[in-house]
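Numbering (UniProt numbering), first residue to last: 1 to 599. In what follows, a structure is listed as structure tokens, so that the remarks can point back to it.
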């Protein structure tokens, strides 16, 4: 039977057998927690997802938000789901107890959120955005702003957004036109327009807190002149209550291929004299501050992608196990019973590919969340620094690889069902449409390819890349000792090629930067294949260690992990051979193409 959320067994395997999440309990911050608390958190999320998010997946898709009297109206079940997520404490679960939080580890929170994303990403996105905006306020906001806005964001009375993109500027944030004028009382008046603002208007909360990038009047050009502002939809009254509309207008709703229950808005700031806002952090440091939220959102998009891919895998697997269709090529008797779809080798191939992509992506994302956890709570400063450096290198892959191959997995899920998968009788066509956005927002593949190749592997004289390579080699050595020597050797050979090609492309960037980065997307893909091979080797090692003592379904789970690992090493990792060859010679085919030739 298909499930709307990621299975309990899968999350337990990743959290406690691949990752040492239980080891977090030895840290002072989590001394009052236990594995039972972690598991209860996951179970609460699963129940909320199944009871309140999954049932209106289709309703939210077929009934897009409506623009009525300057507001966006959502389907009614969205409010109940939002309130339940807030009441259960998920919006502030990772905060300190002194802030009203539960001091829950980041990796446990994000694992819990995966249940929401698999069930209904269009509704769950409001929670992700609000958590990110609140984290930004917690880090950079003044005591006054935190006192006024943090608690309502944590209890669900307010929601948050990130307002970066403008109608005339997409990812080129250094060219934004929105500006802010300082006022005598320390506030600012913000003028401009923002576009593709998810959650920019809704009828779930009494207020919306917009985190807005703008240029203070007279600031220097480019990214060095960008500042960050908190601009609420409703201004606070004398006693802190939100009661006066700010000069923020909903200019329109955008109609999307997927994520239809998440509003995508065009917002106008300052049509009536200026939207009141307050500086968050330091002047001209807004983009640096916003990168905290952007990187958090990128990991969040990775978790979303993996979760939607897993849901599609679950749906197509259930269908394949139930649907009779044809006979095996070896059976020439037309009167014999039909076999189930899963008995056909090519159907199993499509299911295995989905499993490799979805479960590999989810493991990668939770590994990244564990690095975030170590970066902030590991007791040893060198370990905190190393975790932050490794996470910095991996973030472009965490966002982009699950998005791209999550879409490929959802495409295969439709194919397993054949014509039925292309109809709305099953959720797979919607899951594919919801998934497709993840390759675009929070930075396209090209943006992240350039970030990885042009920044991350060059930073600190390549310290991050060396750390990545050393970490993977150490894990390969442990896997070899566990009986996975062939896979460990293949991974080390791929690492050697990655290092060699990276050095050549780094040198090319110094002499011809445009050509050196022309194939950055291919580099990102090849780097991602090596990364996912590593992640699958970690899963394979855990499965190989546990299998001898396992039986029944548990043993089948471990055997499935080992088979998915073998698939990845035999089918996916070898594709890097051709990719490294193209990259090594800095292939100019696409680079030398000219506009006029597209005629």
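From the three backbone atoms N, C-alpha and C, an ideal C-beta is built for every residue, glycine too.
- Shortest Cα-Cα distance from residue 582 to any of 492, 350 and 502 involves 502.
- Annotation for residue 395: 295 and 298 place their beta carbon closer than 6 Å to its own, counting only its chain and skipping 5 residues before and after.
- For residue 120, the three-state secondary structure derived from DSSP is helix.
- Annotation for residue 176: no alpha helix (DSSP H) segment contains it, and DSSP assigns it neither H nor E.
- As the crow flies, the alpha-carbon of residue 576 is around 11 Å from that of residue 495.
- In this structure, the alpha-carbon of residue 321 lies about 16 Å from that of residue 553.
- In this structure, DSSP gives residue 216 an extended state, which the three-state scheme calls strand.
- For residue 225, the three-state secondary structure derived from DSSP is helix.
- The C-beta of residue 244 has fewer than 16 other C-beta atoms within 10 Å across all chains shown, which makes the residue exposed.
- Nearest Cα to residue 249 within the set 276, 227, 114 and 223: 276.
- Secondary structure of residue 162 (DSSP, three-state): strand.
- In the structure shown, residue 308 adopts helical secondary structure according to DSSP, grouped into three states.
- In this chain, the beta strand (DSSP E) harbouring residue 275 covers 275-279.
- Three or more Cβ pairs closer than 8 Å define a contact, and the segment 407-426 meets that threshold against the segment 347-363.
- Residue environment analysis places residue 262 among the buried positions, since at least 16 neighbouring C-beta atoms fall within 10 angstroms of its C-beta.
- If you look at residue 7, you'll find it isn't in any alpha helix (DSSP H); DSSP assigns it neither H nor E.
- Excluding its 5 nearest sequence neighbours in each direction, residue 6 has C-beta neighbours in its own chain below 6 Å: 114, 118 and 310, listed in chain order.
- Below 8 Å, too few C-beta pairs join the segment 43-62 and the segment 378-396 to call them touching: fewer than three.
- When the alpha-carbon of residue 10 is set against those of 112, 207 and 170, the nearest one is in 112.
- With a cut-off of 8 Å on Cβ pairs, the segment 197-207 is in contact with the segment 122-142, counting three or more such pairs.
- With contact defined as three or more Cβ pairs closer than 8 Å, the segment 512-526 and the segment 582-595 are in contact.
- Going by DSSP, residue 79 is part of the alpha helix (DSSP H) stretching over 77-87.
- From the listed residues 390, 446 and 430, the smallest Cα separation to residue 457 is found for 390.
- Scanning its chain for C-beta atoms nearer than 8 Å, with the 5 sequence neighbours on each side dropped, one finds around residue 55 the residues 77, in chain order.
- If you look at residue 402, you'll find it in the alpha helix (DSSP H) that goes 381-417.
- A check of alpha carbon separations from residue 481 across 540, 506, 533 and 408 identifies 540 as the nearest.
- Look at residue 74 here: in three-state DSSP terms it is coil, with no helix or strand label.
- Between residue 441 and the set 336, 150, 106 and 164, the nearest pair of CA atoms involves 164.
- In the DSSP assignment, the residues bridged to residue 244 are 235.
- Separation of residue 555 and residue 547 (C-alpha to C-alpha, rounded to the nearest whole angstrom) is 6 Å.
- Assigned with DSSP and collapsed to three states, residue 169 falls in strand.
- Leaving aside the five residues that flank residue 145 on each side, the residues in its chain whose CB is nearer than 8 Å to its CB run, in chain order, 137, 230, 278 and 280.
- Between residue 211 and residue 161 a beta carbon distance of about 7 Å is seen, short of the 8 Å cut, so the two are scored as contacting.
- Contact between residue 317 and residue 351 is confirmed by a C-beta separation of about 6 Å, below the 8 Å threshold.
- Contact between the segment 168-178 and the segment 149-159 is absent, with fewer than three C-beta pairs closer than 8 Å.
- Counting only residues of its own chain and dropping the five nearest sequence neighbours on each side, residue 560 has no CB closer than 6 Å to any other CB.
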